[in-house]
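Report on one structure; see the data block that follows.
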Amino acid sequence: MSTEHSKIHPVPERLLDAKKVPPKPHIDSFEAYQKMYRKSIMEPEAFWGQLAKELLHWHKPFETVLSGGFDYGDIAWFPEGELNASYNCVDRHALANPDKVAIIYEGDEPGNDRTITYGELLRDVGRLANALKSYRLRKGDTVAIYMPMVPEAIIAFLACARLGIIHSVVFAGFSAEALRDRIRDASSKLVITADEGRRGGKTIHIKKIVDEALKECPTVEHVLVYQRTGSDVPFKSPRDLWWHEEIEKQRPYCPPEIVNSEDALFLLYTSGSTGKPKGILHTTAGYLLGAAITFKYVFDYHEGDVFGCMADIGWITGHTYIVYGSLCYGGTTVVFESTPIYPTPSRYWEVVAKHKITQFYTAPTAIRLLRRLGHQHVEGHDLSSLRVIGSVGEPINPEAWEWYNEVVGKGKCAVVDTYWQTETGSIVISPLPGAIPTKPGSATVPFFGVDPVILDPTSGEELHGNGVEGVLVFKQPWPSMARTVYNNHNRYLDTYLKPYKGYYYTGDGVGRDEDGYYWIRGRVDDVINVSGHRLSTAEIESALVAHDGVAEAAAIGVSHEITGQAVHAFVTLKARGENTEVKELVLQVQKGIGTFAAPKKIYLVPDLPKTRSGKIMRRVLRKVVAGESDQLGDLSTLADPSIIPTLINKVNQEQ
Ligand code: PRX
C-alpha cells in the first residue's frame, strides 16, 4: 500500500490553543477520542442511551436502547420512545432563543440573501404543516419534494416531519422519468415543488418537469408550487396549488404529531448495483441522534458557529447536515443555491467571508476544479472564520487534500475527510478536528459506535491487524443506519446484511494501514461515482436500451481528473437502428436519469465482450479504456475473443 507512507498532519495548533482562539474543541486529544470510542463499542447501550437523552427531546422516554440486529434486519433503537423530529429541530430552539438565526440563504445571484430565525422557522413550518393537514395528509403518507436550493425546501422537510409524513426528496437534477419512477415507487400523494430553479445563472424548468412526470402518477392528488422566480409556468387547477396562497390561509402554529422512535422520517432513493433505485428508509430517533452527534463532534460545532455545507438537499449530505444535524443541534446552517464558479471561481470564498462560515463542507470534485482554476481565486478573501473544512462523497486524492489544507485552510484548519453513505445516515469514518492527526487521502478512524471490519472478499474471513486490504463491513448496528428498503425488506437484507452474514456490507473496498487508519478505495460493485453522485451501471444501461435503435449497452466508470469517475458506455445497435447517432444516446440517458448521468463517451461497437453464458465482461472494457489491453487477465470464459482487437481499435480511434 503506497499511501500508508504519506505525510501525517498533526492537529492544527490553532484548534488546540483555545486560550488564543476559542472555542476549545469538544474532543481535544487522541486519548480522549480513544476512551470515548472504546466505551461506544464495549457498552453501546450505556453510551447511546446517555447521548439520546442529552441530544434529543423526548415526549415519552425510551426504556430499551437497542433491540434486534443484523440477522433479520429488525434493528430498533429506543423502541418505546416517542418524539417529533420537527419539534427537536425547531420548537425547542425557538422556545429558548427565537431570534437565533437558523438558516442563511445565499441565492444564485450574489446579493440575494436572507436569514430565517428559529422563531420564524417555527411559524413557517406550522403554516405549511397546517396546509398539508388540510389536504388530508396523515402520518405514514409519503410526499415527494422536488425543489431548488431555497429555505422553503427545508420548511417542506420539517412540515412533513411535523405530521409524521414521510418525505421523499428527489434531487432537482433528476429527469421527469426518474422523478416519475420515484413518485410511483413511494405512492406519493403530494409533490412539493417550485415554478423554476436558478443555478449558475441558468433557469431550470422544474414545474414543467413535474408536469411531465405526473402524466403517469395516479397517486398524486395535489402539487404545491413555491414561487421562486415568478415566471409564467403551466398551472393546472384544481390539482396545482400555489404555496403562497395556501400558507396565507393557515395559522402559524401546528401541534406536532408525536411519533415512535422507529417511525419513518424519510425515504431517499439511491442507486445500487442492480435494477431500480432503492428507497432507503430512515427512522426518526436513531437518525436524528446520528445526525446531531456527528454534527457536533466531526464538525466541532460550537454556539455562534455558521455551518456551510455546499451539497444539495436532494442528496443525503444535504438531508443530514444542512437540515437535520444542524437544526437538531440548534445550529445556523447555510442554504447555497449557486455553484462554486458562478459568477466567478471565487464564489465559495466570497460566501465564506460574507457569512463568516466556521465549518465549510464540500466534495472533492469541487476542490479539484477550483484547484485547477488557480489559487488566485481564493486569495484576497477573508477566510479567517474557518476552523473546519470537510470533504465528502468520494475518495479525495492527496494533491487536492493538500491544496484544500494550504490554500483554503491556510494550514490552520482541521481537514475532515468524512466517509459515509446514504444508508449509514451519518458520518461513520472521519477525523475529529481537535483529536485526530490526519493523512491526506485517508478518512482516518471510525466514529463512535462504528466497528469497521475488513473482510477478504472471497472467503469472507476477517482480516485482523494492520496493513490489510479487503471489503469494508461494520460489525455492530449504529443508531442512524437505514432500517429497510421501502416496500422491499428482502432487497435490504440481500444488499446489506446477507452478503457477509453478521455484518453490514458497504460495497466499498478499503485498506487499513500500519497506524490503523482507513483508506477508502471506492466501490467494488457496479456503482459509478461521478462528482460524488452515485449511479449504477444497470440504470445507465437500461436508459440506453430504452432507445429504439439500441440492442445492448454496457456502462463503465473511468477515472477522471475532476469528476473522480466519468461514465463511458459501449453500445451495439439493432439493424434498424444503424443510423443512430451518439448524441441521441447521450440525450437518452439525460432523459432517463438526468444530465449529471450523461456518458462522457459512447462507443458504437459491433459486439460486447461476453462470457459463454452471456454475461457482459465490464472488467475487459475498463481495461481497454484505461489503455491496459496488455493486462486483460483471464479471458478463458470469453465467448468470442476476436472482439477484443475491434474494441481496442475503436477506443484508440476515439481517444
Ligand atoms: O463509495 C463511497 C463514496 O460514496 C458512496 C456513498 O454514496 P452516497 O450514498 O451517494 O453518499 C455520498 C455522501 C455521503 C460510498 O459507498 N464515499 C462517500 N464519502 C467518501 C466516499 N469514498 C471515499 N471517501 C469518502 N470520504
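Just so we're aligned: 590 in the UniProt record's numbering is position 590 of the sequence shown, and the numbers increase by one with no gaps anywhere. Virtual Cβ for every residue (Gly too), placed ideally from N, Cα, C.
Residue i Cβ short of 7 Å to the ligand PRX heavy atom set
| i | result |
| --- | --- |
| SER480 | no |
| TRP420 | yes |
| GLU402 | no |
| GLU469 | no |
| VAL392 | yes |
| TRP315 | yes |
| GLY286 | no |
| GLY522 | yes |
| ASP513 | no |
| ASN405 | no |
| PRO395 | yes |
| GLY507 | yes |
| ARG251 | no |
| TYR534 | Here residue 534 is Arg; the residue named in the question, Tyr, does not match the sequence. ARG534: yes, Cβ under 7 Å from the ligand PRX. |
| ASN130 | no |
| ASP417 | yes |
| ASN529 | yes |
| ALA538 | no |
| ALA443 | yes |
| THR362 | no |
| THR274 | no |
| THR270 | yes |
Three-way DSSP call (helix, strand, coil) for residue i in this model
| i | result |
| --- | --- |
| GLU31 | helix |
| LEU635 | coil |
| TYR146 | strand |
| ARG251 | coil |
| VAL21 | coil |
| THR317 | helix |
| THR3 | Any reading at THR3 must be qualified, since the residue scores a pLDDT of 48, below 50, and its modelled position is unreliable; no value is offered. |
| ASN529 | strand |
| GLY592 | helix |
| GLN421 | coil |
| PHE295 | helix |
| GLU552 | strand |
| SER187 | coil |
| ARG622 | helix |
| ASN649 | helix |
| residue 697 | With the chain covering 1 to 655 only, the question about residue 697 has no answer from this structure. |
| PRO98 | coil |
| SER134 | helix |
| VAL510 | strand |
| GLY390 | strand |
| ARG372 | helix |
| LYS236 | coil |
| ALA598 | coil |
| GLY409 | coil |
Those residues which DSSP pairs with residue i across a bridge
| i | result |
| --- | --- |
| LEU455 | GLU462, VAL471 |
| GLU82 | LYS60, ASN260 |
| CYS309 | TYR361 |
| THR115 | ILE104 |
| GLU561 | Looking at the DSSP assignment, GLU561 forms no beta bridge with any residue, so it has no partner. |
| ILE204 | GLY197 |
| ARG534 | ASN529 |
| TYR504 | PHE474 |
| PRO446 | ILE429 |
| ALA172 | Answer by DSSP bridge pairing: none, since ALA172 is not bridged. |
Nearest-angstrom Cβ-Cβ length linking residue i and residue j, presumed shorter than 8 Å
| i | j | result |
| --- | --- | --- |
| ASP508 | ARG521 | 7 Å |
| VAL527 | SER273 | 6 Å |
| LEU327 | VAL90 | 7 Å |
| GLN421 | THR506 | 7 Å |
| THR572 | PRO609 | That pair is no contact at about 11 Å. |
| ARG228 | VAL150 | 6 Å |
| ALA569 | THR611 | Rounded, the Cβ-Cβ distance is 19 Å, inconsistent with contact. |
| GLY308 | PHE266 | Not a contact, Cβ separation roughly 23 Å. |
Any non-hydrogen atom of the ligand ATP closer than 7 Å to residue i Cβ
| i | result |
| --- | --- |
| ILE643 | As far as ligands go, the structure on display features the ligand PRX and does not contain the ligand ATP. |
Task: Meets three-Cβ-pair contact criterion under 8 Å: the region 76–85 and the region 99–116 - done: no
TODO: Specify whether the region 435–443 and the region 412–423 touch according to this definition: at least 3 beta carbon pairs, one from each stretch, less than 8 Å apart.
DONE: yes
Open item on the list: Check whether the region 359–376 and the region 560–574 touch, using three or more Cβ-Cβ pairs below 8 Å as the test.
Closed with: yes
Open item on the list: Could you check whether the region 162–176 touches the region 589–597, counting it as contact only if at least three pairs of C-beta atoms, one from each stretch, sit closer than 8 Å?
Closed with: yes
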